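S.K.:
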Amino acid sequence: DTDYYDDYYDDNDYYNENYNQNTPEDDDLREEEYWDNLTYSYRNYNYNWNQRNNPCHEAYYNEDRIVSQNLLASNLGIIAKLGADNTYYFAVTNILTTEPEPNATIKLYNFQQQEIGKVLTDGDGLAKIEAHKYASFAIVTKGKNTSYLKLADGNSLSLSKFDVSGNQLQRGLKGYIYGERGVWRPGDSLFLTFMLNDKDNKLPKGHPVKMEITDPNGKLIYKKISTDNIHNFYRFTVPTTTEDKTGSYNAKVSVGGASFYKSLRIETVKPNRLKINVDFENDILTSNEPLKGTLDVKWLHGSPAKNIKAEIKAKFSTSNTGFKNYKDYVFTDPTRSFSAEDVNVFEGNVDENGLAKI
970 DTDYYDDYYD
980 DNDYYNENYN
990 QNTPEDDDLR
1000 EEEYWDNLTY
1010 SYRNYNYNWN
1020 QRNNPCHEAY
1030 YNEDRIVSQN
1040 LLASNLGIIA
1050 KLGADNTYYF
1060 AVTNILTTEP
1070 EPNATIKLYN
1080 FQQQEIGKVL
1090 TDGDGLAKIE
1100 AHKYASFAIV
1110 TKGKNTSYLK
1120 LADGNSLSLS
1130 KFDVSGNQLQ
1140 RGLKGYIYGE
1150 RGVWRPGDSL
1160 FLTFMLNDKD
1170 NKLPKGHPVK
1180 MEITDPNGKL
1190 IYKKISTDNI
1200 HNFYRFTVPT
1210 TTEDKTGSYN
1220 AKVSVGGASF
1230 YKSLRIETVK
1240 PNRLKINVDF
1250 ENDILTSNEP
1260 LKGTLDVKWL
1270 HGSPAKNIKA
1280 EIKAKFSTSN
1290 TGFKNYKDYV
1300 FTDPTRSFSA
1310 EDVNVFEGNV
1320 DENGLAKI
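For what it's worth, the numbering used here labels the leading residue of the sequence shown as 970, then goes sequentially.
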């Protein structure tokens, strides 16, 4: 059979180079050979139906393959931002003049190409659509100009090099808790104030505000609901006893479905009677060089603390590396671990001048 087909198609370019010069009789013969399955039996025929969409296979390149590209010309430029609760913000400008485009029609569509939102831009070319659902693309039209914008997450601009954390409103409310100082002793009263900003979501007059205080074990020790305020400043007086535990307490204020938190420190503070100064030779302490320095101890009234016992200990522990403007980023290597340990740096007595070599 192979010899038969080789003799029958001795011209290798019959289906390639001379295809455009075929006569009607040649086309009829080609069709007849196709239906007789002779075309697939030709040994140099490279078409494979399974590889028809594979550009790395010869079957991809046939006479029916056409390279095409859609070109859309429009003078409308679109900037879209996605906010909370699937709220989309649009800015439409004229690309030729860079002026904002008022009264441009913006339509949002989901993946099934169903319209889920429609709005007109204002005089500044801005518009907001509360879609309540994720949109797949947007179509902006004005006059004869139409622009399309994909809104999938993969098409958004990368924000990894910018600080875009911001502060998110809770039900349109802002709140802040503060006290008259940063640390309290057991037995002190905590004078706390809660400041409420309800500009974006006005609460009715006399709306209650609840404060709860929990101790370091998470036990509720204080709870009060108050409606008394002066210009949205709410005052709370939290009593403590001398037997209360020391540590970090937590304050929680609930109002209008929003919650605000603050950590409170209650510690047993012992006043200092000595002024201690430790001066190391190097500003940065490393394991490559021995630790050397000077210890200088004086009483608060200024005279040297003679011959008193001194002890210096260092504790090594892991810390999270971070930067002030990138609070939501993680720079710590999760594959590395370190166990905290204490090291005795110095133990002895200072001399008559209150000095000691470390």
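Yeah, the Cβ is synthetic: ideal placement off N, Cα and C, and Gly gets one too.
Bear in mind that the values here come from a model prediction, so they are computed numbers and not experimental data.
#1: So, at 6 Å on beta carbons, what are the nonlocal neighbours of residue 1233 in its own chain, with the 5 sequence-adjacent residues on each side left out?
#2: Kindly indicate which residue of 1050, 1283, 1191, 1243 has the alpha-carbon position closest to the one of residue 1124.
#3: Over what stretch of residues does the beta strand (DSSP E) that includes residue 1244 continue unbroken?
#4: In the structure shown, what three-state DSSP assignment does residue 1072 receive?
#5: Are the beta-carbon atoms of residue 1207 and residue 1152 separated by less than 8 Å?
#6: Helix, strand or coil for residue 999 per DSSP?
#7: Could you round the C-beta distance between residue 1146 and residue 1163 to whole angstroms and report it? I think they count as a contact, below 8 Å.
#8: Pick helix, strand or coil for residue 1019, following the three-state DSSP scheme.
#9: Which residue marks the beginning of the beta strand (DSSP E) containing residue 1144, and which one marks its end?
#10: For residue 1316, collect the residues of the same chain with a Cβ closer than 7 Å to its Cβ; drop the 5 residues on either side in sequence, then sort them by chain order.
#11: Which term fits residue 1144, buried or exposed, when burial requires 16 or more other beta carbons within 10 angstroms of its beta carbon?
#12: With H, G and I counted as helix, E and B as strand and the rest as coil, what does DSSP make of residue 1236?
#13: Three or more C-beta pairs under 8 Å: does that hold for the segment 1109-1129 against the segment 1189-1202?
#14: Could you tell me the boundaries of the beta strand (DSSP E) in which residue 1088 lies?
#15: If you reduce the DSSP assignment to three classes, tell me which class residue 1262 lands in.
#16: Nearest-angstrom Cα distance between residue 1104 and residue 1296?
#17: Suppose you measure from the CA of residue 1095 to the CA of residue 1067; what does that come to, to the nearest Å?
#18: With distances taken between CB atoms, is the gap from residue 1155 to residue 1213 smaller than 8 Å?
#19: Locate the beta strand (DSSP E) running through residue 1202, then write down its first and last residues.
#20: Measuring straight from C-alpha to C-alpha, what distance separates residue 1055 and residue 1101?
#21: Taking the CB atoms as reference points, tell me whether residue 1227 and residue 1126 lie closer together than 8 Å.
#22: Suppose you measure from the CA of residue 1180 to the CA of residue 1223; what does that come to, to the nearest Å?
#23: On the CB-based measure, 16 or more other CB atoms within 10 Å of its CB, does residue 1326 come out buried or exposed?
#24: Between the alpha carbons of residue 1043 and residue 1139, how many angstroms are there, rounded?
#25: Taking only the alpha-carbon atoms, compute the straight-line gap between residue 1255 and residue 1211 and give it to the nearest angstrom.
#26: Taking its Cβ as the centre, do 16 or more other Cβ atoms sit within 10 Å of residue 1111, making it buried, or is it exposed?
#27: If you compare alpha carbons, which of 1097, 1323, 1231 is closest to residue 1048?
#28: Taking 8 Å as the limit between beta carbons, can you name the residues of its chain near residue 1290, skipping five residues before and five after?
#29: To the nearest angstrom, report how far apart residue 1253 and residue 1065 are at their CA atoms.
#30: Would you call the CB atoms of residue 1045 and residue 1028 closer than 8 Å?
#31: Consult DSSP for residue 1212 and reduce its assignment to one of helix, strand or coil.
#32: Short check: CB of residue 1075 to CB of residue 1090, under 8 Å?
#33: Return the chain-ordered list of same chain residues with a C-beta closer than 6 Å to the C-beta of residue 1278, the five sequence neighbours on each side being excluded.
#34: By a C-beta neighbour count over all protein chains shown, 10 Å radius and 16 as the cutoff for buried, is residue 1311 buried or exposed?
#35: Cα separation between residue 1258 and residue 1231?
M.R.: Based on what the coordinates show:
#1: Correct list, in chain order: 1218, 1220.
#2: The residue from 1050, 1283, 1191, 1243 with its alpha-carbon nearest to that of residue 1124 is 1050.
#3: 1243-1249
#4: coil
#5: no
#6: Residue 999: helix per DSSP, three-state reduction.
#7: Residue 1146 to residue 1163, Cβ: 5 Å. Contact.
#8: helix
#9: Annotation for residue 1144: the continuous beta strand (DSSP E) segment containing it runs 1143-1148.
#10: 1280
#11: buried
#12: coil
#13: no
#14: 1084-1089
#15: strand
#16: Approximately 30 Å between the Cα atoms of the pair.
#17: 14 Å
#18: yes
#19: Judged by DSSP secondary structure, residue 1202 falls within the beta strand (DSSP E) whose first and last residues are 1202-1207.
#20: 5 Å
#21: no
#22: 7 Å
#23: By the 16-neighbour rule on beta-carbons within 10 angstroms, residue 1326 is exposed.
#24: Cα-Cα distance, rounded: 40 Å.
#25: 43 Å
#26: buried
#27: 1097
#28: 1300, 1301
#29: 57 Å
#30: no
#31: Residue 1212 falls in the coil class under three-state DSSP.
#32: yes
#33: 1318
#34: With fewer than 16 other Cβ atoms within 10 Å, it is exposed.
#35: 42 Å
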